[in-house]
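Everything below concerns the one structure shown next.
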Amino acid sequence: MSAVDWIKWLIAAALVAAGIYGFYYFQEQTFTWVRMLGMVAMVAIAAGVGATTEHGRAFTSFMKAANIERQKVVWPTRAETVQTTIVVMVVVILVGIFIWILDWIFSQLVSWLVG
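With the numbering used here, letter number 22 in the sequence shown gets 200, and the count goes up by one each step, no holes.
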């Protein structure tokens, strides 16, 4: 990482720290939403500074590629979701009954062995 990138990351960290400091410093003078808006603005500016670094550009390109992949996802229809939910519920009930029967059998076996 170059020296310029280090300086940019330090500036970004200072901006975030200034936003946090300002949020608490102006606690008595302003409304909470004004302080929140100021802090969000400082974080956004810090993110903009961080995006100009080598790692920031790599992260930005990664996020663009991830968004392209997200758009390729085929989401299930409502009918498919309902059918899958019903199948899962039936399987859970059947497995629960099976485990209950095994528990009953083993408890009867232990009772018989012990006494």
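Don't be surprised by glycine CBs; every beta carbon is placed ideally from N, CA and C.
All figures in this text were calculated on a predicted structure; none of them were measured in a lab.
Asked: Hey, how far is the Cα of LEU291 from the Cα of PHE276?; Found: 23 Å
Asked: Does the Cβ-Cβ distance between VAL221 and ILE189 come in under 7 Å?; Found: no
Asked: In whole angstroms, what is the alpha-carbon distance linking ILE198 and HIS233?; Found: 24 Å
Asked: Which of the three DSSP states is assigned to THR238 in this structure?; Found: helix
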